[in-house]
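Novice:
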Amino acid sequence: MPRRTPGEIRSQLPLRNTGHSRRTVIGGLSASTNRQIAQFERERRLPRGDIALAFHRWAQRAGRGRNAEEWHYGYSDVATGHIRTLLDLAARNLRPRARRELQAALTPIDARVQKRTVNDPFAPRHLPWWQRRIEI
Numbered sequence: 001m002p003r004r005t006p007g008e009i010r011s012q013l014p015l016r017n018t019g020h021s022r023r024t025v026i027g028g029l030s031a032s033t034n035r036q037i038a039q040f041e042r043e044r045r046l047p048r049g050d051i052a053l054a055f056h057r058w059a060q061r062a063g064r065g066r067n068a069e070e071w072h073y074g075y076s077d078v079a080t081g082h083i084r085t086l087l088d089l090a091a092r093n094l095r096p097r098a099r100r101e102l103q104a105a106l107t108p109i110d111a112r113v114q115k116r117t118v119n120d121p122f123a124p125r126h127l128p129w130w131q132r133r134i135e136i
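Heads up: the sequence shown at position 104 corresponds to 104 in the numbering used here, and the numbers run straight through without jumps.
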């Protein structure tokens, strides 16, 4: 009787469901930084990959017009519900080297946002810069 090959056996197994369909890491960051971000997500009981999702949404929306819903983030531990606030909160909870690495990745995106917006003179001063901007 001929023996079945490992590939033939694997092809007959049901597909595995990994439980998530989105990226859980931020490309361009070191493995150590991505591990610390994953640890932050676990400590805050955030769904796996939420920081990466917020990063990618911030990068996508920086180059085009926005509405309030696109920037909204629905977790209660993020004071303002803004995706950039979540990224800032994550950066502040990382070790110094990882913090610098994440902030360096955010800097060009922030520059694009600042280029497309102007300061809102009527916004409260206690808000972070990204909430005191108006679309041009």
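Glycine residues also receive a C-beta, built at the ideal position from the N, C-alpha and C atoms. Bear in mind that the values here come from a model prediction, so they are computed numbers and not experimental data.
So which of I37, A105 and P14 has the shortest CA-CA distance to T24?
Specialist: Taking the first residue of the sequence shown as position 1, residue 24 is located at position 24. Checked all of I37, A105 and P14; the closest Cα to T24 is I37.
Novice: Excluding sequence positions up to five away, which residues of its chain have a Cβ less than 7 angstroms from the Cβ of T117?
Specialist: Looking up residue 117 in the sequence shown gives position 117. Around T117: R133, I134, E135 and I136.
Novice: Could you give the distance in angstroms between the alpha-carbon of R64 and the alpha-carbon of V113?
Specialist: Along the sequence shown, one-based indexing puts residue 64 at 64. Along the sequence shown, one-based indexing puts residue 113 at 113. Cα to Cα, R64 sits roughly 9 angstroms from V113.
Novice: Going by beta carbon distance, what residues of the same chain come within less than 7 angstroms of E41, once the five residues before and after it are set aside?
Specialist: In the sequence shown, counting from the first residue as 1, residue 41 sits at position 41. Excluding residues within five positions, the ones whose Cβ falls inside 7 angstroms are R48, D50 and I51.
Novice: Tell me E135's beta-bridge partners as DSSP assigns them.
Specialist: Reading the sequence shown from its first residue, position 135 is the one you call residue 135. Paired residue(s): T117.
Novice: I'd like to check one pair, L102 with A91: are the Cβ atoms closer than 8 angstroms?
Specialist: Here residue 91 refers to the residue found at position 91 of the sequence shown. Here residue 102 refers to the residue found at position 102 of the sequence shown. Closer than 8 angstroms, so yes.
Novice: Mind checking T107: buried by the 16 CB within 10 Å criterion, or exposed?
Specialist: Taking the sequence shown and counting its residues from 1, one reaches residue 107 at position 107. When all chains shown are included, T107 counts as exposed.
Novice: Please look up how many angstroms separate the CB atoms of I83 and A54, rounded, as I've assumed it's under 8 angstroms.
Specialist: As a position in the sequence shown, residue 83 is number 83, starting the count at 1. As a position in the sequence shown, residue 54 is number 54, starting the count at 1. Their Cβ separation, rounded to whole angstroms, is 4 angstroms, which keeps I83 and A54 in contact under 8 angstroms.
Novice: Rounded to whole angstroms, how far is the Cβ of L94 from the Cβ of W58, which I believe are closer than 8 angstroms?
Specialist: As a first step, residue 94 must be located in the sequence shown, where it is residue number 94. As a first step, residue 58 must be located in the sequence shown, where it is residue number 58. 17 angstroms between Cβ atoms; not a contact.
Novice: When the Cα atoms are used, what is the spatial distance from R3 to L13?
Specialist: For the purposes of this step, residue 3 is identified with residue 3 of the sequence shown, where counting begins at 1. For the purposes of this step, residue 13 is identified with residue 13 of the sequence shown, where counting begins at 1. In a straight line, the C-alpha of R3 is about 17 angstroms away from that of L13.
Novice: How long is the line joining the alpha carbons of F122 and Q131, rounded to whole angstroms?
Specialist: Here residue 122 refers to the residue found at position 122 when the sequence shown is read from its first residue. Here residue 131 refers to the residue found at position 131 when the sequence shown is read from its first residue. Cα to Cα, F122 sits roughly 11 angstroms from Q131.
Novice: Could you pull out every residue in the same chain whose Cβ sits closer than 6 angstroms to the Cβ of R99, ignoring the five residues on either side in sequence?
Specialist: Counting from 1 along the sequence shown, the entry for residue 99 is found at position 99. Hits under 6 angstroms: A91.
Novice: Going by DSSP in three states, H126 sits in which element: helix, strand or coil?
Specialist: Taking the first residue of the sequence shown as 1, we reach residue 126 at position 126. DSSP places H126 in coil when its eight states are reduced to three.
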